[in-house]
Amino acid sequence: MLHSMSTTVETSSERSADEVNEEIRALWRRSGGTLSVEQREEYQRLVLEWAAAAPQPEPAA
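Just so it is clear: in the sequence shown, position 40 is 40 by full-length UniProt numbering, and no numbers are missing.
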């Protein structure tokens with residue numbers, strides 16, 4: 001499910017990394033491969049949200 005564009009980062013508990021990744025992919029599809037200034041800002045926000053939601057690797061023992 002795609003969410004409308006927002007200026008606030010949602011917490012990782014609200015959307016999974018997969019959901020955010022799908023929105024990132026949709027942004028690139030809509031842009032035709034070239035992001036406008038506004039789209040770059042949205043992309044950066046989404047990447048930060050994705051990173052916060054992505055599972056963190058376990059440290060080596």
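Glycine included, every Cβ here is placed at the ideal spot set by N, Cα and C.
When you compare only the Cα positions, how much space is there between Glu-58 and Glu-22? Distance from the CA of Glu-58 to the CA of Glu-22, rounded to the nearest whole angstrom, comes to 25 Å.
According to the neighbour-count rule (16 or more other Cβ atoms, all chains shown, within 10 Å of its Cβ), is Leu-48 buried or exposed? exposed
Are there 16 or more other CB atoms within 10 angstroms of the CB of Ala-53, so buried, or fewer, so exposed? buried
Note down, in chain order, each residue of its chain lying with its Cβ closer than 7 Å to the Cβ of Ser-31, except the 5 sequence neighbours on either side. Gln-39
Taking DSSP as the reference, what is the three-state secondary structure of Arg-25? helix
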